[in-house]
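As structure tokens, the structure follows; a few thoughts come after it.
Protein chains: 2
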Amino acid sequence: MVYQLERGIMRQVPEVALPIVLDRTAGGSLPNQIAESIRHLTASGVLRAGEPVPSSRALARHLGVSRGTVIVAYDQLLAEGWLVAIAGSATSINPQLPRAWAAPPAVSARGASRPQEVPRIDLRPGRPLQDEVAGPSWRAAWRVAAAAPVGVSVPLLGWPGLRAAVVEHLRRLRGFNCEPDRVAVTAGGREGLSLLLHASGAKDVGVEDPGFPSLRRVLHRRNAIIRSLPTDDQGLVTTKLPETEPPEAVIVTPAHQYPFGGTLHIDRRLALLEWARRHGVLVIEDDYDSELRYASEPLPALASLDADQVALLGTFSKTLTPALATGFVVLPRHLVAAVEAVRGDLGQPVSLVTQRAVAEYLASGGLARHTQRMRRVYRRRRNQVVAALAGLTGVRVSPMDGGLHAVVQFDRDERSVIDALRMQGLAVASLGEYWASEPPGSQRGFVFGFGGVSDADLAEGLATIRATLGGRPSTIGRPASPHRAPGAAPDQPS
Amino acid sequence: MVYQLERGIMRQVPEVALPIVLDRTAGGSLPNQIAESIRHLTASGVLRAGEPVPSSRALARHLGVSRGTVIVAYDQLLAEGWLVAIAGSATSINPQLPRAWAAPPAVSARGASRPQEVPRIDLRPGRPLQDEVAGPSWRAAWRVAAAAPVGVSVPLLGWPGLRAAVVEHLRRLRGFNCEPDRVAVTAGGREGLSLLLHASGAKDVGVEDPGFPSLRRVLHRRNAIIRSLPTDDQGLVTTKLPETEPPEAVIVTPAHQYPFGGTLHIDRRLALLEWARRHGVLVIEDDYDSELRYASEPLPALASLDADQVALLGTFSKTLTPALATGFVVLPRHLVAAVEAVRGDLGQPVSLVTQRAVAEYLASGGLARHTQRMRRVYRRRRNQVVAALAGLTGVRVSPMDGGLHAVVQFDRDERSVIDALRMQGLAVASLGEYWASEPPGSQRGFVFGFGGVSDADLAEGLATIRATLGGRPSTIGRPASPHRAPGAAPDQPS
């Protein structure tokens, strides 16, 4: 796909600012200098073939010369063929000049410098269904936001209307009641993590293993030391948290351990918080998809148990669209001033219009209605995944409970299966990449999302996966945790 | 000002997700567990006084229990007074429960944690007049943007439509023709600088002295070594650029040296580029206000002279509003892949809707028309500043040529003058803060902006400044450069 500006910009822009600089002390008459400048601007592509030049009167005023001076220059250029004058139209750059100068270079849809492979069916996890986002509530929210004045003073943590709406959102959807002064607006989950690391100064960070590769990349970019924290079927193994030289921060997914979906039980939650308090560790709760749970209610947020030690990382990327680039952080009290200082120095990345629009969309109930619709879609699709991939021998298919992705495990070579899918136009994520450390030998497979594609593409993708993985009957159930020895657990493929 | 959600959210949100978790293995009947959960949720503020609870049917389905179980729990709570049932209405939390639980905490407009002083008249520099931004073209641009689908694939450097519009904008307003594949969308000037430093890995950065304090704060935040580069009336003194151990990058304002307004002449531009090529230094051209020049045409961008060594940092903060949090960078060719990699890991901070809206606003000519209106306002205001502050003895008032701010210099104690203005509700910026190193002794004064306030506030602010600085006649002219010995230059105040 090639994008081009489709509007007749020239007609609508009231004045051309030609970067012509006259030097009255230099050799060369003023008309000659003007003519030479216009030749140069045309040859270098600043003025384009067919484009009108300013009237002699306008250019004369602009340059502070007499109109006659400009007329002499234009006559010279007309004689040379650089300009053409057509009766009834403005004098223009000769439209017959080489077309190489005329058209602006096009931007390829995915950037020309490093062509990215565009899969035909993109089943990489983490993308929600976005087809129904831009509906009437969405458009109304932006309309309200665009009509509001822009020159208002906005607090460093974000527009108060959005922060209040986030508090209400968390109260209703997560049963978590927090103070709006602890809520900071972010440009999404990764930006929120970056902000927390910056403000806290944490450089030594524990992550669940396996866990989100995208958050680990943020840590790499901040030159943090990354420490693997072991997990099992119930999420983080809190008995294995380091008691000597603990990290400065840990990133955890208590609601839905990623990618295996375990929920951190209340005793482990309390143990984690007790450990964090004892060592002064910042707990970063990545609450990436709790609002979308369609199978069971998530446990209350960890952040609701401790306002001093836990930061909750929220995003609208999963509930709405990653293209919104908006999220929030509920800050532990001691970090509020430091986050304000970072924002004061580096700026708020989310535009005020966007903040107002999201606030309006939340307050009008638009997000809640959209979320309800999406829960129904995802529940149906999860059943579709289970049905489509049933009966494959040696293959374990584990659609996450209430989530948007499924883990597929097998005992073949991971790379060759993923490559085979890619050759058929299907993109999935390697299971091995979810480990910060070396993945256990039994962990071979891939993760695929069933949220971000059309019904037709999902059906085709599932058929392709089924055909690629072959015909032996599979087991459907909980994913095999790396902590169970292969073959030892009853639900492990043999 | 206190913000509160003004809408009746409850009526519009279709379903309450009560975070109730039943434990069938624990002691306590299921109705008792439900009742205890609702008491706890009410006491902790998750459920609010007067708020309806789900119907017994809905909650039963939600919890997977019989409807009778919920009715028993509700009857218990009705008997205890936690719930009230009014004929014709939904069963609700008792509205007479202590009001302390009922109202969400309010957000103060400027953040309660660290109250910021709000000046009555904010003349700190760097803010444009924003009253007329949210006009019909602006609203139309957002309407178009909000109606577009969100689930599209966007290149890492930004939406191609905006990048093409930026190319056209630079071509017409700056006479600079660049390839759209070198344009990256940013969340503003500071985010763009941060992105460039991150992608280039530059940790040792030269800055003009004096120069923008806000860009220096970005360098501090990235733990960069900051090196002062001397300037004079014509901007950066290129003969003093370090030949041994040069910095990895330099930030320059060739169009309009900040805050004194000098323009870097063509011989210095060429010398700077020659030096940068010789040492492999990245030149970051901060083109912060060229589009607004109303007095004379800016020289062509430095970036137009070298596509390999220069990055141009652009922003819509000055032409439109800082609240848009949108800008762009024209990248030197060798940095394109590295910037894509940073965006791939950390995400694009500017929402797709914002990118589309800005593109539409540019392509429709809205920005060009707004810029023209603002140029007229600023030209008039500059004259107003000159007239209002004429005739003050021992005071030099130097409104920047074509800019939005003026430098006021005097030989009194800088702090006491600025404090006196602050006591009268007027915020200005200390001239001393523009130096990365110790400012020369002669540099006492303040910088004030005349863009971001109303006509009435500007008039009052100027009267206050005049009254505070006293009655001796002043000189109006070019600011006194630190490179001229006090009293030695003919235009220096005695």
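Residue numbers (the numbering used here), protein chains in the order written: chain H, 4 to 497; chain V, 4 to 497. Using N, Cα and C, we set each Cβ at its ideal position, and we do this for glycine too. Computed from a predicted model, the values in this text were never measured in an experiment.
Could you please give me the residues that DSSP links to residue i through a beta bridge?
i       : result
A252(H) : V208(H) and L285(H)
Could you give the distance in angstroms between the alpha-carbon of residue i and the alpha-carbon of residue j?
i       : j       : result
P257(V) : L338(H) : 39 Å
V345(V) : V188(H) : 21 Å
L232(V) : V240(V) : 8 Å
F263(V) : R130(H) : 49 Å
V170(V) : G444(V) : 43 Å
P402(H) : R175(V) : 54 Å
L100(H) : L80(H)  : 13 Å
D348(V) : R220(H) : 6 Å
L276(H) : G48(V)  : 22 Å
S69(V)  : S307(H) : 29 Å
P335(H) : V342(V) : 32 Å
D78(H)  : A360(V) : 41 Å
P118(H) : P158(V) : A caution first: P118(H) carries a pLDDT of 45, below 50, which makes its placement in the model too unreliable to give a value.
L21(V)  : V332(V) : 47 Å
H408(V) : A430(V) : 13 Å
P352(H) : G91(H)  : 48 Å
Q133(H) : V24(H)  : 51 Å
E135(H) : R425(V) : 51 Å
F449(H) : S433(H) : 5 Å
V389(V) : V400(V) : 8 Å
T396(H) : G154(V) : 35 Å
A63(V)  : E39(V)  : 16 Å
A149(H) : G195(H) : 25 Å
Residue i lies in the alpha helix (DSSP H); which residues open and close that run?
i       : result
I228(V) : Not the alpha helix (DSSP H): I228(V) falls in the beta strand (DSSP E), residues I228 to D235.
H43(H)  : L33 to A46
L100(H) : Looking at the DSSP string, L100(H) is not in any alpha helix (DSSP H), and its letter there is neither H nor E.
L165(V) : P163 to R177
H201(V) : G192 to S203
Please report whether the beta-carbon of residue i lies at a distance below 9 Å from any beta-carbon of chain B.
i       : result
D134(H) : Of the chains in the structure shown, none is chain B; the protein chains are H and V.
Name the chain H residues whose beta carbon is nearer than 9 Å to that of residue i?
i       : result
D348(V) : R193, S217, R220, V221, H223 and R224
G48(V)  : R174 and N180
First and last residue of the beta strand (DSSP E) that includes residue i?
i       : result
P402(V) : V398 to P402
A310(V) : Careful: A310(V) lies outside any beta strand (DSSP E) and carries neither H nor E.
A148(V) : It is not in any beta strand (DSSP E) - A148(V) instead sits in the alpha helix (DSSP H) that spans P139 to A150.
G448(V) : G448 to G452
A409(V) : H408 to F413
V332(H) : G330 to V333
Counting only beta-carbon separations shorter than 9 Å, does residue i have a partner in chain V?
i       : result
R177(H) : yes
R127(H) : no
L302(H) : yes
V345(H) : yes
L355(H) : yes
L295(H) : no
Chain H beta carbons: is any one of them nearer than 9 Å to that of residue i?
i       : result
A430(V) : no
W141(V) : yes
G114(V) : Low local confidence applies: a pLDDT of 41 at G114(V) is under 50, so the model's placement there is unreliable, with the coordinate-based value given in what follows. At least one chain H Cβ lies under 9 Å of G114(V).
V68(V)  : no
A151(V) : yes
R271(V) : no
A103(V) : Because the pLDDT of A103(V) is 36, which lies under 50, any placement of that residue in the model is unreliable, and the question is left without a value.
R146(V) : yes
P22(V)  : yes
In chain H, what lies closer than 8 Å to residue i by C-beta?
i       : result
T322(V) : Residues of chain H passing the Cβ test: none, with the nearest at roughly 12 Å.
W85(V)  : Under the 8 Å cutoff, chain H gives no residues; its nearest Cβ is about 17 Å from W85(V).
Going along chain V, which residues have a C-beta under 8 Å from residue i?
i       : result
D203(H) : It is Ser, not Asp, that sits at residue 203(H) in the sequence shown. Result: empty, since nearest Cβ-Cβ is about 14 Å, beyond 8 Å.
S197(H) : L349
CB of residue i to nearest heavy atom of the ligand SAH: below 8 Å?
i       : result
P158(H) : Here there are no bound small molecules, and the ligand SAH is not part of this structure.
Given that residue i touches chain V, what residues does it touch there, using C-beta distances under 9 Å?
i      : result
S59(H) : Here the premise fails: no neighbours, minimum Cβ distance about 17 Å.
Give the interface partners of residue i over in chain V, defined as CB-CB distance under 7 Å, in chain order.
i       : result
Q312(H) : Simply none; closest approach about 17 Å.
P352(H) : A190, E194, A328 and P352
Name the chain H residues that come within less than 7 Å of residue i, Cβ to Cβ?
i      : result
L62(V) : Correct list: empty, because the minimum Cβ distance to chain H is about 11 Å.
L44(V) : G178
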